[in-house]
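What follows is one structure encoded as structure tokens, with my remarks underneath.
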Ligand SMILES: O=C(O)CCC(=O)C(=O)O
Ligand SMILES: [Fe+2]
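Structure below.
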């Protein structure tokens, strides 16, 4: 049903999208600086893939030979090889731009039909016009030699990077896309094949480039994380500002923003999670840090090993189980983070590493000063913190009422303190249940000696994470001392209309 709705929507906007994304040689030539800019009314926007390639080329070559020069040179050489006269080029350009006129106009024919209606040039006329417009072969040789001698050569690694560049599809694959609107103000979109076309390539690149730099987030969860964005306090750990976007991740971010039909913001941050072993996991939680604002949109794109992404209501009833297929997208928007929690439980086995890119918009200025245990306004979470019912259970034994089973989060001081820094409605809502005793049912998390050892030194091994001395002091404080403090007042919650899956038309390109 939901899938039908999604594909029906997709059908609605198909003609304009196809029109928009049809390869357009004229525009390509324009981008290469080979022809003057066309009239805005007749020029079609570039294919999305070309824009992305252009954007990333610009980024990549910004400090060495101008990309435009190299491209121009490449085009010259092509023309040399093909003996393509300027006049014939201009003719081709005109035909292609006609192809891209608005549907309904007489010129809006598929390129083969348009070509069929054009009188084919006779051999004689082609020769004549070519002879008139094309430079002599001596001139061409001279110009190529001039350019070759004046252009700086790009470093070898730059060429390699370009060759291995991942070419994204013009549009996402929305096959079997589902949208669920929960409680009339929370939207979940699951697109299992969203970027499946390039999933293997992305996986290889991220494993090679980023996994070595990722650090273990919390000992009990094992998974490793890598952060890009402004500084962000995530489950009590400060992730330091890193504005150095990995090219492929930035491309995916831009793809979600420019080339999909979803009304998403332009994300400025991403938490990359690496689940390297079956026991790696993220327990039940909501992404509701102050920095995310009131109704954050979180987009998760998965690569590599398949796991289960689960959502549940705050009363414990599981609402969704999505397999995180390689290239799949899960979008949570509206009031999802207020109404629902999500987790990726440990698995029995997995094939390779699972990588999730969780895109968000973070605004450091929204961060409230967090009360620490020696502050009178401090409120102690009674369910073990933001990742409260953290039982380390495997995916097949977490049917939905995990928090009724007594097992609460980690009882290591550092983690207790870390979790205490997030003040969650759900945490308060479950007071009095469970307690803090360790109640793990398997999962290799904190139960293992190795994890306990790393807990003792944590976060010393986590290069990008930092705990302040105030946090460390708070961590050493006995937990019971602060249990009776009153909770701060709740923030008011407005009723918000849902975000719907819809065509948003052409987005701005920057
Ligand atoms: O890995 C995932 O799919 C979920 C990660 C997540 O929930 C988070 O980073 O907040
Ligand atoms: Fe999350």
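Residue numbers (UniProt numbering): 1 to 510. Glycine is no exception: its CB is placed at the ideal position from the N, C-alpha and C atoms. Predicted model only: the values in this text are computed from it and were never measured.
Name the one or two DSSP bridge partners that residue 269 has.
Position 269 of the chain shown holds residue 269. Beta-bridge pairing links residue 269 to 360.
Starting from residue 340, follow the alpha helix (DSSP H) in both directions and report where the run begins and ends.
As a first step, residue 340 must be located in the chain shown, where it is residue number 340. Careful: residue 340 lies outside any alpha helix (DSSP H), inside the beta strand (DSSP E) at 340 to 344.
With a cut-off of 8 Å on the beta carbons, I'd call residue 193 and residue 327 a contact; round off their distance for me.
On the chain shown, position 193 is the one that residue 193 refers to. On the chain shown, position 327 is the one that residue 327 refers to. Confirmed, about 6 Å.
Given a threshold of 16 other Cβ atoms within 10 Å of its Cβ, counted over all protein chains shown, does residue 335 qualify as buried or as exposed?
By one-based count along the chain shown, residue 335 stands at place 335. So residue 335 counts as buried.
Starting from the Cα of residue 262, find the closest Cα among 189, 342 and 367 and give me that residue.
By 1-based counting over the chain shown, the position of residue 262 is 262. Out of 189, 342 and 367, 189 has the C-alpha closest to the C-alpha of residue 262.
Classify residue 464 as helix, strand or coil using the three-state DSSP reduction.
Mapped onto the chain shown, residue 464 falls at position 464. Any answer about residue 464 is weak, because its pLDDT of 36 lies below 50 and its placement is not dependable; what the coordinates show is given next. Three-state result, residue 464: coil.
Report the three-state DSSP secondary structure of residue 274 (helix, strand or coil).
Within the chain shown, residue 274 is the residue found at index 274, counting from 1. Residue state, collapsed to three classes: strand.
Give a yes or no on whether the C-beta atoms belonging to residue 278 and residue 347 are separated by under 8 Å.
Within the chain shown, numbered from 1, the residue matching residue 278 stands at position 278. Within the chain shown, numbered from 1, the residue matching residue 347 stands at position 347. Yes, the pair counts as a contact, with Cβ atoms nearer than the cut-off.
Using the three-state DSSP reduction, which class does residue 223 fall into: helix, strand or coil?
On the chain shown, residue 223 is found 223 positions in, with the first residue counted as 1. Coil at residue 223, not helix or strand.
Closest to residue 228 by CA distance: which of 265, 313 and 249 is it?
Taking the first residue of the chain shown as 1, we reach residue 228 at position 228. Answer by Cα proximity: 249.
Which class does residue 384 belong to by DSSP, given the choice of helix, strand or coil?
What you label residue 384 is simply residue 384 of the chain shown in a count that begins at 1. Because the pLDDT of residue 384 is 33, which lies under 50, any placement of that residue in the model is unreliable, and the question is left without a value.
Which residue comes first and which comes last in the alpha helix (DSSP H) that contains residue 207?
As a working note, residue 207 is residue 207 in the chain shown. 199 to 209 is the span of the alpha helix (DSSP H), which, as asked, contains residue 207.
Can you name the residues that DSSP bridges to residue 313?
As a first step, residue 313 must be located in the chain shown, where it is residue number 313. Answer by DSSP bridge pairing, in chain order: 340.
Using the Cα positions of residue 360 and residue 323, report the straight-line distance between them to the nearest angstrom.
Here residue 360 refers to the residue found at position 360 when the chain shown is read from its first residue. Here residue 323 refers to the residue found at position 323 when the chain shown is read from its first residue. Residue 360 and residue 323: Cα-Cα distance of roughly 21 Å.
Give the straight-line distance between the Cα atoms of residue 288 and residue 251, rounded to the nearest whole angstrom.
Numbered from 1 along the chain shown, position 288 holds the residue referred to as residue 288. Numbered from 1 along the chain shown, position 251 holds the residue referred to as residue 251. For residue 288 and residue 251, the distance between alpha carbons rounds to 26 Å.
Mark residue 365 as exposed unless 16 or more other C-beta atoms lie within 10 angstroms of its C-beta, in which case mark it buried.
Here residue 365 refers to the residue found at position 365 of the chain shown. Its Cβ having fewer than 16 others within 10 Å, residue 365 is exposed.
Looking at the structure shown, is residue 322 part of a helix, part of a strand, or coil, going by DSSP?
Taking the first residue of the chain shown as 1, we reach residue 322 at position 322. Residue 322 falls in the strand class under three-state DSSP.
Does residue 235 come out as helix, strand or coil in the three-state DSSP assignment?
Looking up residue 235 in the chain shown gives position 235. Coil at residue 235, not helix or strand.
Measuring from the CB of residue 342, is there a heavy atom of ligand 2 at a distance below 7 Å?
Numbered from 1 along the chain shown, position 342 holds the residue referred to as residue 342. Yes, Cβ of residue 342 sits closer than 7 Å to a heavy atom of ligand 2.
In whole angstroms, what separates the C-alpha of residue 296 from that of residue 271?
Walking along the chain shown from the start, residue 296 turns up at place 296. Walking along the chain shown from the start, residue 271 turns up at place 271. Rounded to whole angstroms, residue 296 to residue 271 spans 14 Å at the Cα level.
Among the residues of its own chain, which have a CB less than 6 Å from the CB of residue 242, if the five just before and after it don't count?
Against the chain shown, residue 242 aligns to sequence position 242. Closer than 6 Å at the Cβ level, and outside the excluded window around residue 242, lie 227 and 228.
Using three-state DSSP, classify residue 366 as helix, strand or coil.
Along the chain shown, one-based indexing puts residue 366 at 366. Correct three-state label for residue 366: helix.
Is the CB-CB distance between residue 301 and residue 210 below 8 Å?
Walking along the chain shown from the start, residue 301 turns up at place 301. Walking along the chain shown from the start, residue 210 turns up at place 210. Not closer than 8 Å, so no.
What is the DSSP secondary structure of residue 301, counted as helix, strand or coil?
Taking the first residue of the chain shown as 1, we reach residue 301 at position 301. Looking at residue 301 - three-state DSSP - the assignment turns out to be strand.
If you count every other CB in all the chains shown that lies within 10 Å of the CB of residue 230, and 16 or more means buried, which is it?
The count along the chain shown starts at 1 and reaches residue 230 at position 230. Residue 230 is buried by the Cβ-count criterion.
Measuring from the CB of residue 358, is there a heavy atom of ligand 2 at a distance below 7 Å?
As a first step, residue 358 is located in the chain shown; it is residue number 358 there, counting from the start. Residue 358 Cβ: within cutoff of ligand 2.
Using only the alpha-carbon positions, how far apart do residue 318 and residue 253 sit?
On the chain shown, residue 318 is found 318 positions in, with the first residue counted as 1. On the chain shown, residue 253 is found 253 positions in, with the first residue counted as 1. Distance between the alpha carbons of residue 318 and residue 253 is about 29 Å.
Of the choices 257, 309 and 276, whose alpha-carbon is the least far from that of residue 351?
Position 351 of the chain shown holds residue 351. Checking every option, the nearest Cα to that of residue 351 belongs to 276.
Quick one: residues in its chain with C-beta nearer than 8 Å to the C-beta of residue 460, no 5 flanking neighbours on either side, listed in chain order?
Against the chain shown, residue 460 aligns to sequence position 460. With a pLDDT of 28 at residue 460, under the threshold of 50, the predicted position of this residue should be treated as unreliable, though the coordinate-derived value follows. So the list is empty, once near-sequence residues are dropped.
Is it right to say residue 368 is buried, meaning 16 or more other beta carbons lie within 10 angstroms of its own, or is it exposed?
Residue numbering aside, residue 368 sits at position 368 when the chain shown is read from its first letter. Exposed, because fewer than 16 other Cβ atoms sit within 10 Å of the Cβ of residue 368.
Kindly indicate which three-state DSSP category residue 196 falls into: helix, strand or coil?
Position 196 of the chain shown, counting from 1, holds the residue named residue 196. Helix.
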